[in-house]
Amino acid sequence: MTAHVVQVTIDLDTLAATAGAATRGPWRWEQFRYGPPNLVGRAGEVGIYEHDREVIEASHTGGCGCRAECTLTLEISPEDRAYLETASPDVVLALIDRVTTAEAALKEAGQP
Numbered sequence: 092m093t094a095h096v097v098q099v100t101i102d103l104d105t106l107a108a109t110a111g112a113a114t115r116g117p118w119r120w121e122q123f124r125y126g127p128p129n130l131v132g133r134a135g136e137v138g139i140y141e142h143d144r145e146v147i148e149a150s151h152t153g154g155c156g157c158r159a160e161c162t163l164t165l166e167i168s169p170e171d172r173a174y175l176e177t178a179s180p181d182v183v184l185a186l187i188d189r190v191t192t193a194e195a196a197l198k199e200a201g202q203p
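Per my numbering, residue 92 is the first one in the sequence shown, and the count goes up by one each step.
This is the structure we're talking about:
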């Protein structure tokens, strides 16, 4: 089976800028007993005062206790939205391919 190769242009400066502006990782889904899950990351000063920060926060507009008849709203900061849009799967996979190729070239040249 032949793999289909897609050429992707990677703007590493934009990727680095949007990643630097986004909520620090690691990101994880946090499920509460009631309501939808939130995607949370880390905020605050590393090693001094760190805390969870919502990357995507789902809020429930109704008081009925049932999501079937209510509207859910997802809130995401402009910086995190830009990062998610910039770090699409094709970009991440192309970046991984680039790193793998560079590591192989270094190994072949006898460099660690």
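For each residue, glycine too, the CB sits at the ideal point set by N, CA and C.
Under the three-state reduction of DSSP output, glycine 201 falls in the coil class, being neither helix nor strand. Taking the Cα of serine 168 as reference, the smallest distance to any Cα among Glu141, Tyr140, Thr114, Asp104 is reached at Thr114. One alpha carbon belongs to glycine 111, the other to valine 99, and they sit about 22 Å apart. A buried status is given to threonine 109, since no fewer than 16 other beta-carbon atoms sit within 10 Å of its beta-carbon. Note on tyrosine 140: under 16 other CB atoms within 10 angstroms of its CB, so exposed under the neighbour-count rule. Only residues of its own chain outside the window of five on either side were considered, and among them Thr114, Gly132, Ala134 have a CB closer than 6 Å to the CB of arginine 144, listed in chain order.
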